[in-house]
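Chemist:
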Amino acid sequence: MWNGKLKAITFSFDDGVTQDIRAIEILDKYGLKATFNLNSSLLGLDAQLERNNHIVDHNKIGISKVKEVYKNHEVASHTLVHPTLTKQND
């Protein structure tokens, strides 16, 4: 039990992408908090992903903007470079 509540919901987001800015606007509007897991060696890099035959921007927040963008939320480490763990040596 927390603050008299029996249930809780948590929000977490990975990779520190520029889309987090919009997500944070929505979270802040409703007084919600989230954890953002950043890849510290990838901050500021531009990238794209292909999802369902669509190219999606996967640009990372710049290191100089991290403190301001995530100021009302928790920031956690999410590896340096986001390796594919199944391809790593034991």
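For the record, in the sequence shown the residue sitting at position 61 is 44 according to my numbering, with numbers rising by one throughout.
A virtual CB, placed ideally from N, CA and C, is assigned to each residue, including glycine.
Predicted model only: the values in this text are computed from it and were never measured.
1) According to the Cβ coordinates, are residue 43 and residue -2 closer than 9 Å?
2) Please specify which runs of the beta strand (DSSP E), each continuous and at least 3 residues long, are wholly inside the region 8 to 51, giving them in chain order.
3) Does the distance from the CB of residue 49 to the CB of residue 39 come in under 9 Å?
4) With DSSP as the reference, label residue 6 as helix, strand or coil.
5) If you compare alpha carbons, which of 31, -8, 67 and 28 is closest to residue 15?
Modeler: So, from the data block:
1) Here residue 43 is taken as the residue at index 60 of the sequence shown, counted from 1. Here residue -2 is taken as the residue at index 15 of the sequence shown, counted from 1. In contact: residue 43 and residue -2 (Cβ atoms closer than 9 Å).
2) At a cut-off of 3 residues, the continuous stretches assigned as beta strand (DSSP E) that sit fully inside the region 8 to 51 are 18 to 21, 31 to 34 and 37 to 40.
3) For the purposes of this step, residue 49 is taken as residue 66 along the sequence shown, with counting starting at 1. For the purposes of this step, residue 39 is taken as residue 56 along the sequence shown, with counting starting at 1. For residue 49 and residue 39, no; Cβs fall outside 9 Å.
4) Walking along the sequence shown from the start, residue 6 turns up at place 23. Secondary structure of residue 6 (DSSP, three-state): helix.
5) Counting from 1 along the sequence shown, the entry for residue 15 is found at position 32. Cα-wise, what sits closest to residue 15 is -8.
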